[in-house]
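Everything below concerns the one structure shown next.
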Amino acid sequence: MRSESSEIEGQQYRPGNEADFERLYRTSYSRVLGTLIGVLGDRAAAEDCTHDAFERAYRSWSSWRKDAPAEAWVHRIAINTAISYQRYSRMREVGQVIKRLGRPTLPSDPSSVAERSDLFNALRKLPPKQAAAIVLRHHHGYTNREIAAALEIPERTVASRLIAAKARLKALLDSGPRPAPQVDLSTLSEDSVPSD
């Protein structure tokens, strides 16, 4: 619980002043760390995120606005850092699962290889969350429920990510290079070829 004196101290911070930032760091570090331990449930991860949050706050210190208490501002940065950490951790776990399960074998038919290559290139252009849902569904055969459990998200979110990913993939694949039209050269006569 914050005391009235810490509120008064907070109003004395000056954006961009290094001594004030050091004071903010000393007075709020343990509370920010405690918050992130509660959010992440992992002390080591919370310490990393707290360090990153204060680093980000320091880089932005000159643009801090006095209309928000400095400690609340740092807490907001810290919580956003923790959320990003959780997202990254989940996506990394999904990537590791996919690597363990292996890539599909490519067919020997050259046109199939080209199509598969186009698909992999398009998948890389999807947002990571959409790509994870598509790969888990279509490469590994997961149900929406299994994808939801793997990514720790609601099934409805899985469904919306799959819909968005399919639409984006279709757009990416449709916008790719078009093959040249096939022309049967045997039907051409010398009369049908334009002269210079």
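The opening residue of the sequence shown carries number 0 in numbering that gives the first Met the number 0; numbering runs sequentially from there.
In this text, a Cβ means the ideal position worked out from N, Cα and C, and glycines have one as well.
Cα separation between residue i and residue j?
i, j, result
"L135", "N120", "17 Å"
"A56", "A67", "14 Å"
"I196", "R13", "The requested residue 196 is not part of the displayed model; the chain covers only 0 to 195."
"L105", "P127", "Its pLDDT being 44, under 50, L105 is placed unreliably in this model, and the coordinates cannot settle the point."
"H137", "A147", "15 Å"
"S29", "L118", "48 Å"
"S27", "E46", "13 Å"
"A18", "E54", "15 Å"
"V157", "R22", "45 Å"
Pick out whichever of the options has its Cα sitting closest to the Cα of residue i.
i, options, result
"G15", "A164, R64, D117", "R64"
"A132", "S59, L118, R123, R160", "R160"
"L168", "V157, R123, I152, A44", "R123"
"S88", "T142, R58, L150, R42", "L150"
"I162", "E70, C48, L125", "L125"
"A130", "K165, A44, W60", "K165"
"R25", "Y141, V38, H50", "H50"
"L39", "A69, R58, A77", "A77"
"Q83", "N143, S61, L35", "Note that residue 83 is Ser in the sequence shown, not Gln. Cα-wise, what sits closest to S83 is L35."
Comparing the C-beta of residue i with each C-beta of chain C, is any distance below 8 Å?
i, result
"E154", "Of the chains in the structure shown, none is chain C; there is only one protein chain."
Which residue comes first and which comes last in the alpha helix (DSSP H) that contains residue i?
i, result
"H50", "42 to 59"
"T26", "17 to 39"
"K169", "154 to 173"
"P127", "127 to 133"
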